[in-house]
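Comments concern the structure below.
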Amino acid sequence: MKILLCCGAGASTSLVAQSMMNSLPENEKANYIINAITYDLFLDHYKNYDVVLLGPQIRYKKKSLEKEALADNIPVDVINSVDYALQNGTKIIEHAKQLYKKAHGA
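Here the sequence shown stands for residues 86 to 191, where the numbers follow the working numbering.
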């Protein structure tokens, strides 16, 4: 699964992306690509991903970014603020999986 994380500056989501990868069992890491970008690069990158997760600090951008991504059947949602603050990679990956299943019926 390819997961794109977006936030205002990209610094905090880079840490979250690392936490997400570290939470995966070694035998599953090859099945994931998790990258972090600033939201202003969203249009250049989102089509290369299965799911887009936004940092809580840019939740106000969700509707506009989601409008673009849903046309390509790519779900967009905001990361739970507690999971984000605690860098709970396991819960954030589970959130991404649920979004993907809901969008693709898998």
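The beta carbon of each residue, even a glycine, is placed where N, CA and C say it ideally should be.
Here Q142 really is in contact with C92; their C-beta atoms are around 6 Å apart, less than 8 Å. In this structure, DSSP gives I177 a helical state, which the three-state scheme calls helix. In the DSSP assignment, D135 falls outside any alpha helix (DSSP H), carrying neither H nor E. Classified as buried, D135 has 16 or more neighbouring CB atoms from the shown chains inside 10 Å of its CB. Sixteen is the threshold: when 16 or more other Cβ atoms of the shown chains lie within 10 Å of the Cβ of K146, as they do, the residue is buried.
The beta carbon of A94 sits closer than 8 Å to the beta carbons of T123 from its chain, once the five residues preceding and following it are set aside; these are given in chain order. Secondary structure at N116: helix, using DSSP grouped into helix, strand and coil. For the 8 Å CB-CB criterion, L128 and V137 do not form a contact.
When only Cα atoms are considered, A96 and N107 end up about 17 Å apart. 8 Å or more divides the Cβ of I164 from the Cβ of H189.
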